[in-house]
């Protein structure tokens, strides 16, 4: 039976190769989309952790998407927050979410206070010297054609000069002066949020929260600890995250299912006489079903192996070509993708296998 299975696959090499590649593409689609989705999400978590703050204050309700909201807070609130007990540093930030060559957050910062949260580590250059200066991180500098201090860059339809390149991991990849960001928005003296560093964190965080919410004009503001904010950066708290992921996985599974179904259904029709011979020699329905499903399993094993290997290769290629892209492959999702692809392939072959098992041996032997 094993020789028969291999012989059947080799007898139609093009169909076998196409079927295996269909399963491979299914695995690549699932793993690459999951890797990008979770890479971006976990990359944001890592970047936020590196800012050095332990509390976030901003107008409105707490949400994981607050960094896409408009700047509606008066920067003078920073002085009020800075005057509260146990507050050591207050950094106002204007966050602008853009969809240029890739989605990104650009931070408008007051360099002195933002740097006080956790100092930048400069690879080259230094802090802002003028209103049109730009700081980028090392990954952003290495992407594309590469950037160096003194280069000009178009950001938010405005030309900036790179004044410094810093190590990545402090909230964003591009930083411009807060006053410049406000001027570009035609919204002077505003910030999206305030990052706080408190004394002996987390000892006084609840005291600080109470003091802020007791301050006139800030009663309806959101006050979160960094732990609370990071807990919101999960798939369940991101609008449409799980829906988009499930849609892509479903489409990939359907593609694999249909290709395997068509391949095995055609194979069963072509081997009608062969099935009749097997039945006349005593092969039962279970044996016929086993032959079809074992062929499918072999194709699925080859396809999933190719898919996993190709996805790891894709990760290396994308990392070299797009250093700022987070592509996070995890073993649990590799296993999930393999199981989904194998299950889809077996389901696709189930009907053709049952059809083959139900063939009458006399009719099959007389088939031309």
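Residue numbers (the numbering used here): 1 to 368. Even glycine gets a Cβ: it sits at the ideal position worked out from N, Cα and C.
- Taking C-beta to C-beta, are residue 311 and residue 139 nearer than 7 Å? In this structure, residue 311 sits away from residue 139, with a CB-CB distance that is not shorter than 7 Å.
- Task: Go ahead and pull the three-state DSSP assignment for residue 292.
- Result: The DSSP-derived three-state label of residue 292 is helix.
- What does DSSP give as the partner residues of residue 198 in its beta bridges? Residue 198 pairs with 87.
- Apply the 10 Å Cβ neighbour rule to residue 295 and answer buried if 16 or more other Cβ atoms are within range, or exposed otherwise. Per the 10 Å Cβ criterion, buried.
- Item | alpha helix (DSSP H) runs wholly inside the stretch 201–229, at least 4 long, in chain order | DSSP assignment within the stretch 201–229 yields the following whole alpha helix (DSSP H) runs of 4 residues or more, N-terminal first: 205–213.
- Query: Just the Cα atoms here: how many angstroms apart are residue 353 and residue 40?
  - Reply: Cα-Cα distance, rounded: 42 Å.
- Of the choices 264, 262 and 213, whose alpha-carbon is the least far from that of residue 57? For the residues 264, 262 and 213, the minimum Cα distance to residue 57 belongs to 213.
- Considering only C-alpha positions, which residue in the set 94, 289, 51 and 335 is nearest to residue 168? When C-alpha distances from residue 168 are compared across 94, 289, 51 and 335, the shortest belongs to 51.
- Just confirm the distance between the C-beta atoms of residue 299 and residue 345, as a whole number of angstroms; I'd bet it's less than 8 Å. The pair is a contact, with the Cβ atoms about 7 Å apart (cut-off 8 Å).
- Query: Unbroken beta strand (DSSP E) runs of length 3 or more, entirely within the stretch 156–199: which are they?
  - Reply: Within the stretch 156–199, the complete beta strand (DSSP E) runs of at least 3 residues fall at 158–166, 174–177 and 193–198.
- Straight-line gap, residue 335 to residue 292 (C-alpha atoms, nearest Å): Rounded to the nearest angstrom, the two C-alpha atoms are 24 Å apart.
- Which word fits residue 129, buried or exposed, when buried means at least 16 other C-beta atoms lie within 10 angstroms of its C-beta? Under this definition residue 129 is an exposed residue.
- Task: Note down the Cα distance separating residue 242 from residue 341, rounded to an integer number of angstroms.
- Result: A straight-line Cα-Cα distance of about 19 Å links residue 242 and residue 341.
- Item | Of the residues 55, 37 and 14, the one placed nearest residue 207, counting alpha carbons only | Of all alpha-carbon atoms in 55, 37 and 14, the one lying nearest the alpha-carbon of residue 207 is that of 55.
- Item | residue 15 versus residue 297 - alpha carbon distance | Each residue's Cα considered, the two are about 15 Å apart.
- Query: Which residues in the same chain as residue 175 place their Cβ atom closer than 6 Å to its Cβ, once the five residues preceding and following it in sequence are excluded?
  - Reply: So the list reads 107, 109 and 135, once near-sequence residues are dropped.
- Between the C-alpha atoms of residue 264 and residue 309, what's the straight-line distance to the nearest angstrom? For residue 264 and residue 309, the gap between their C-alpha atoms comes out near 25 Å.
- residue 13, enclosing alpha helix (DSSP H) - first and last residue: Unbroken alpha helix (DSSP H) run through residue 13: 13–49.
- Item | Sub-7 Å separation of residue 302 and residue 20 beta-carbons | Judged by their CB atoms, residue 302 and residue 20 are nearer to each other than the 7 Å cut-off.
- Item | Helix, strand or coil at residue 73 according to DSSP, with G and I counted as helix | Strand, per DSSP.
- Item | Between the CA atoms of residue 235 and residue 348 - distance to the nearest angstrom | In a straight line, the C-alpha of residue 348 is about 30 Å away from that of residue 235.
- Item | Counted within 10 angstroms of its Cβ, other Cβ atoms place residue 224 as buried (16 or more) or exposed | When all chains shown are included, residue 224 counts as buried.
- Item | Close-in-space but distant-in-sequence residues of the same chain around residue 368 (CB under 7 Å, 5 per side omitted) | Bear in mind that a pLDDT of 49 at residue 368, under 50, signals an unreliable position, so the number given afterwards is only what the model happens to contain. So no residue of the chain qualifies.
- Would DSSP call residue 365 helix, strand or coil? Confidence in residue 365 is poor, its pLDDT being 48 and thus under 50, which makes the residue's placement too unreliable to answer from.
- Residue from 141, 148 and 184 with nearest C-alpha to residue 157: When the alpha-carbon of residue 157 is set against those of 141, 148 and 184, the nearest one is in 184.
- Message: Here's the rule: buried if 16 or more other CB atoms are within 10 angstroms of the residue's CB, otherwise exposed. What is residue 339?
- Response: The residue in question, residue 339, is exposed, as its Cβ has fewer than 16 Cβ neighbours within 10 Å.
- Identify every residue that forms a DSSP beta bridge with residue 154. Per DSSP, 159.
- Item | Pick from 159, 73 and 121 that is closest to residue 92, judged by C-alpha positions | It is 73 whose Cα lies nearest to the Cα of residue 92.
- Item | Supposed contact pair residue 191 and residue 71 - C-beta distance, whole angstroms, cut 8 Å | That belief holds up - the Cβ atoms of residue 71 and residue 191 are roughly 6 Å apart, short of 8 Å.
- Query: According to DSSP, which residues form a beta bridge with residue 96?
  - Reply: Answer is 106, bridged to residue 96.
- Query: Roughly how many whole angstroms lie between the Cα atoms of residue 80 and residue 179?
  - Reply: Those two C-alpha atoms are separated by around 19 Å.
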